[in-house]
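This report refers to the structure that appears directly beneath it.
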Amino acid sequence: MTYMVNLDLFENSHGVITCLKMASRTDEYTQQLMRDIKKTPERLPRVSEETPRNSEVIEEKRREENRTEEINTNTGKPKRTVFKKPSIADVKEYCLLRSNVVDAERFFDYYESNGWKVGKNSMKDWKASVRTWEKNNDTRGKQGISAKPDNSATRHHDRLKAQYAKAIADELGD
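Under this note's numbering, think of the first position of the sequence shown as 25, with each following residue one higher.
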């Protein structure tokens, strides 16, 4: 270290080695950062009181936006749209518009339960999925499989009627 002091890179004052040149450069850099921060405060990292899970979700959304921007700048294609989950009312309205026999609630519950995924991939167009369900119902109907959705309440009612009829027959047979 004495070599560095002898080269005047560092100063030795009462046994304390300092570098005034480095301190002044650091001060200049810090002052520049402070000026930049005042110009663009929205770029500052924020400390939030959110739970780590929410922070992770926000960070993932930010990463996805960056990926989308990278895709757009690299390919020059228009920005892709982000999937927006429909409400049950949206699905019912679309099914009525198409006059199909797709059970909108069943469709919504199915995709809600698997995170709006088609296989391993995220869904891109829920309306296309409704049309696919519509086509599948049409082909199943032609093969003799009912295109109407299950009605578990009706099946339960039929089962109770059968049990009741059996109970009456057993009592009359005794």
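Even for Gly, the Cβ is constructed at its ideal location relative to N, Cα and C.
In this text the structure is predicted, and so the values were computed from the model without any measurement.
Backbone secondary structure at residue i - three-state DSSP
i    : result
S146 : strand
N199 : Lying outside 25 to 198, the shown extent of the chain, residue 199 is not represented and no answer is given.
K116 : helix
K109 : coil
Exposure of residue i, with buried meaning 16 or more beta-carbon neighbours within 10 Å
i    : result
Q167 : In this predicted model, Q167 has a pLDDT of only 48, less than 50, meaning its place in the structure is not dependable enough to derive any value.
A186 : exposed
N138 : exposed
A113 : exposed
V29  : exposed
V40  : exposed
N161 : buried
Opening and closing residue of the alpha helix (DSSP H) in which residue i lies
i    : result
N30  : 26–30
D127 : Unbroken run through D127: none, as it is neither H nor E.
Start and end residues, beta strand (DSSP E) containing residue i
i   : result
S37 : 35–37
T42 : 40–42
Supposed contact pair residue j and residue i - C-beta distance, whole angstroms, cut 8 Å
i    : j    : result
K144 : A128 : K144 to A128, Cβ: 25 Å. No contact.
Inset, instruction - Check whether the region 147–154 touches the region 103–117, taking contact to mean three or more Cβ pairs, one atom from each stretch, closer than 8 Å. - result: Yes, the region 147–154 touches the region 103–117.
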